[in-house]
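Chemist:
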Amino acid sequence: MPAIVVVGMQFGDESKGAVVDFLAEWADLVVRYNGGSNAGHTVVAEGSKYKFHLVPSGAARGRRCVIGAGVAFDPEVFMEEIGALRDKGKGVDVLVSLKATLLLPYHKELDASLAGESLGTTRRGIGPAYQDKMARVTGLRVKDLFSGDFAKKLRKVLELKEAELRRANVLRGNLEDYYNELLRRAEVWREFLRPFIGEDHVEVNEAIARGKLVIFEGAQGTMLDVDHGTYPYVTSSSTVAGGACTGVGVSPLAIDAVLGVCKAYTSRVGAGPFPTELFGSEAEYLRERGGEYGTTTGRPRRVGWLDIPMLRYSSLVNGVGYLAIRKLDVLSGMKRIKVAVAYEIDGEEHRIAPPYAEEMSRAEPVYVELEGWRELDWRSIVREGWESLPEEMRAYVEFLERELNVRTVMVGLGPEREMTLVAPALSELLGSLAGVRI
Ligand code: IMP
Numbered sequence: 032m033p034a035i036v037v038v039g040m041q042f043g044d045e046s047k048g049a050v051v052d053f054l055a056e057w058a059d060l061v062v063r064y065n066g067g068s069n070a071g072h073t074v075v076a077e078g079s080k081y082k083f084h085l086v087p088s089g090a091a092r093g094r095r096c097v098i099g100a101g102v103a104f105d106p107e108v109f110m111e112e113i114g115a116l117r118d119k120g121k122g123v124d125v126l127v128s129l130k131a132t133l134l135l136p137y138h139k140e141l142d143a144s145l146a147g148e149s150l151g152t153t154r155r156g157i158g159p160a161y162q163d164k165m166a167r168v169t170g171l172r173v174k175d176l177f178s179g180d181f182a183k184k185l186r187k188v189l190e191l192k193e194a195e196l197r198r199a200n201v202l203r204g205n206l207e208d209y210y211n212e213l214l215r216r217a218e219v220w221r222e223f224l225r226p227f228i229g230e231d232h233v234e235v236n237e238a239i240a241r242g243k244l245v246i247f248e249g250a251q252g253t254m255l256d257v258d259h260g261t262y263p264y265v266t267s268s269s270t271v272a273g274g275a276c277t278g279v280g281v282s283p284l285a286i287d288a289v290l291g292v293c294k295a296y297t298s299r300v301g302a303g304p305f306p307t308e309l310f311g312s313e314a315e316y317l318r319e320r321g322g323e324y325g326t327t328t329g330r331p332r333r334v335g336w337l338d339i340p341m342l343r344y345s346s347l348v349n350g351v352g353y354l355a356i357r358k359l360d361v362l363s364g365m366k367r368i369k370v371a372v373a374y375e376i377d378g379e380e381h382r383i384a385p386p387y388a389e390e391m392s393r394a395e396p397v398y399v400e401l402e403g404w405r406e407l408d409w410r411s412i413v414r415e416g417w418e419s420l421p422e423e424m425r426a427y428v429e430f431l432e433r434e435l436n437v438r439t440v441m442v443g444l445g446p447e448r449e450m451t452l453v454a455p456a457l458s459e460l461l462g463s464l465a466g467v468r469i
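This note's numbering puts the first residue of the sequence shown at 32, with every later residue one more than the last.
(1) Residues in the same chain with beta-carbon distance under 8 Å from glycine 274, minus the five sequence neighbours each way, listed in chain order, please.
(2) Nearest to proline 159 by CA position, among Asp175, Phe181, Pro136, Gly179, is which residue?
(3) Would you report the Cα separation of leucine 24 and arginine 154, rounded to the nearest angstrom?
(4) Please classify isoleucine 98 as buried or exposed, where buried requires at least 16 neighbouring CB atoms within 10 angstroms.
(5) For arginine 299, which beta-bridge partners are listed by DSSP?
(6) Would the stretch 47-66 count as touching the stretch 297-316 if we require 3 or more Cβ pairs under 8 Å?
(7) Could you tell me which whole alpha helix (DSSP H) segments of length 4 or greater appear in the stretch 45-101?
(8) By the 10 Å Cβ neighbour count, where 16 or more other Cβ atoms means buried, how is lysine 119 classified, buried or exposed?
(9) Quick check on this structure: which residue in Leu126, Gln41, Val37 has the alpha carbon closest to the alpha carbon of valine 265?
(10) Please state the DSSP three-state secondary structure of phenylalanine 104.
(11) Quick one: is the Cβ of arginine 241 within less than 7 Å of any heavy atom of the ligand IMP?
(12) In terms of residues, what are the limits of the alpha helix (DSSP H) holding lysine 479?
(13) When we look at the beta-carbon of proline 226 and count the other beta-carbons within 10 Å, is it buried (16 or more) or exposed?
(14) Closest to proline 396 by C-alpha separation, out of Gly403, Gly352, Pro340, Gly179, would be which residue?
(15) How would you call valine 168, buried or exposed, if buried means at least 16 neighbouring beta carbons within 10 angstroms?
(16) Cβ of aspartate 52 within 7 Å of any heavy atom in the ligand IMP?
(17) Say whether the stretch 294-301 touches the stretch 321-328, bearing in mind that this needs 3 or more beta-carbon pairs closer than 8 Å, one atom from each stretch.
(18) Less than 8 Å between the CB atoms is what I'm expecting for valine 38 and valine 271, so what's the real figure, rounded?
(19) Would you check whether the ligand IMP has a heavy atom nearer than 7 Å to the C-beta of isoleucine 98?
(20) Just to confirm the assignment, what range does the beta strand (DSSP E) spanning tyrosine 262 have?
(21) Starting from tyrosine 209, follow the alpha helix (DSSP H) in both directions and report where the run begins and ends.
(22) Since glutamate 402 and glutamate 432 should fall inside the 8 Å C-beta cutoff, what is the C-beta to C-beta distance between them, to a whole number of angstroms?
(23) Using 10 angstroms around the beta-carbon of alanine 166, count the other beta-carbons present and answer buried if the total reaches 16, otherwise exposed.
(24) Any chance the stretch 170-188 sits against the stretch 212-220, with 3 or more Cβ pairs inside 8 Å?
(25) Could you check how far apart the C-beta atoms of tyrosine 353 and arginine 438 are, in whole angstroms? I think they sit under 8 Å.
(26) For my contact list, valine 235 and valine 245 are in at a C-beta cut-off of 8 Å; report their separation, rounded to the angstrom.
(27) Mind checking whether leucine 150 and arginine 95 have CB atoms under 8 Å apart?
(28) Between which residues of its own chain and leucine 444 is the CB-CB distance below 7 Å, once the five residues before and five after are set aside?
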């Protein structure tokens, strides 16, 4: 029953999409369990670039995919993504959970008008949609679209939300017109969605029971988790590995391994503390070399050195046993590379990041410096295999493994699928779980 959760260990944008796509070669099912179209999972393969927001990254290989109950599901984005996949000639095999929260146009407008400014959200409606889900009386699910009394339910929700929608200037005219327009759009979503809907808990549990390899694809990163991240500068879902269980309906006992993904440095989009943040020319160097601009919003990302206290915290709350390090090539050409190994906060040393925005914003990183490496022909290094990694690069990887007590299964040396360098521990992981030989 091999099930692996792939989880971001930083602030999102760790290139989880590329890792999931790589593993999808052997996977039977790829499952999204949290977030919504705020995610931007990029896969570069076979001459195409895919930017997935809602659909799991396994779709680039035509794998069976599931969008779980924990997702805030925007039908308009889904229709666009499926359309784009079909335009690329890709077969589409996706199940959408009947339990997923419906994210409606007014959620996006509310997000833009309210939370957008102070938290720097993606304006994809995530906070307002989860707010309605938790409120229950104003929440709608995919299943409601297919119930005989959807029109009645929508009317009730709009009546309850009317004052809020007017205050935020989302609703300007007549409520009846707004309602009729939404009903008209809902008709289009319903017809499009009909072939996709189903029961995520049945599909995923059956696959696991039959010994299929199931990959859970986390969206955003641990430090953006609504409970465990740098609240309130977080997203509104459970981004941690445990979210896979609650977001789909599988037992924690069904998860065999947690694969943490981190970039070789750190980045963050939006507001919130960032202890190892860089500014000026060093930041510019990393941002440009790493192409650090948001996939979903195009915003320049804040960048900084690798932060081990944060990764230790992530390792702890997710139970990370295996690591994928992305964008290691981006650090090439630096003479010395700094890595934070502890924080000093109010004169006290912390080896594990305290996950509180106030404390983290006062954290002074304690750095060590590691040897840099020069630019090399990474393509030939990937061809020649793990043993051909330059010594300094290997030292960087081994330093991380020691500090976090994890095994590295792969490193990314470029955005394309074929630029992933496989480490020996990947065969051990997939071999022991799924009998896969690499
Ligand atoms: P929201 O998820 O759109 O509500 O945004 C809340 C915070 O999470 C903001 O700082 C966003 O920039 C950040 N965020 C949301 N999704 C992602 C992501 O996929 N990658 C990186 N940051 C994200």
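The beta carbon of each residue, even a glycine, is placed where N, CA and C say it ideally should be.
Modeler: Inspection of the coordinates gives the following:
(1) Spatial neighbours of glycine 274 in its own chain (CB-CB distance under 8 Å, excluding positions within 5 residues in sequence) are listed in chain order as Tyr64, Asn65, Gly101, Gly249, Asp256, Ser268.
(2) Ranking the options by Cα distance to proline 159, first place goes to Pro136.
(3) Only positions 32 to 469 of the chain appear in the structure, and residue 24 is not among them; the question remains open.
(4) When all chains shown are included, isoleucine 98 counts as buried.
(5) Bridge pairing for arginine 299: Arg333 [DSSP].
(6) Between the stretch 47-66 and the stretch 297-316, the count of C-beta pairs closer than 8 Å stays below three; the two stretches do not touch.
(7) You should have 47-54.
(8) Under this definition lysine 119 is an exposed residue.
(9) Measuring from the Cα of valine 265, the nearest candidate turns out to be Gln41.
(10) Secondary structure of phenylalanine 104 (DSSP, three-state): strand.
(11) Arginine 241: no, Cβ never under 7 Å from the ligand IMP.
(12) In the structure as shown, the chain starts at 32 and stops at 469, and residue 479 therefore has no counterpart that could be examined.
(13) Proline 226 should be labelled exposed.
(14) Comparing Cα positions, the closest option is Pro340.
(15) Exposed, by the Cβ-count rule.
(16) Between the ligand IMP and the CB of aspartate 52, the shortest heavy atom gap is not smaller than 7 Å.
(17) Taking 8 Å as the limit for Cβ pairs, the verdict is that the stretch 321-328 does touch the stretch 294-301.
(18) That pair is a contact at about 7 Å.
(19) Distances between the C-beta of isoleucine 98 and the heavy atoms of the ligand IMP are all 7 Å or more.
(20) Judged by DSSP secondary structure, tyrosine 262 falls outside any beta strand (DSSP E); it is assigned neither H nor E.
(21) 206-224 is the span of the alpha helix (DSSP H), which, as asked, contains tyrosine 209.
(22) So it is not a contact: roughly 17 Å between Cβ atoms.
(23) Its Cβ having fewer than 16 others within 10 Å, alanine 166 is exposed.
(24) Under the three-pair Cβ rule at 8 Å, the stretch 170-188 counts as touching the stretch 212-220.
(25) So it is a contact: roughly 5 Å between Cβ atoms.
(26) Yes, valine 235 and valine 245 are in contact; Cβ-Cβ is about 6 Å, under 8 Å.
(27) For the 8 Å CB-CB criterion, leucine 150 and arginine 95 do not form a contact.
(28) Same-chain partners within the cutoff: Leu359, Asp360, Trp409, Ile412, Val413, Met450, Leu452.
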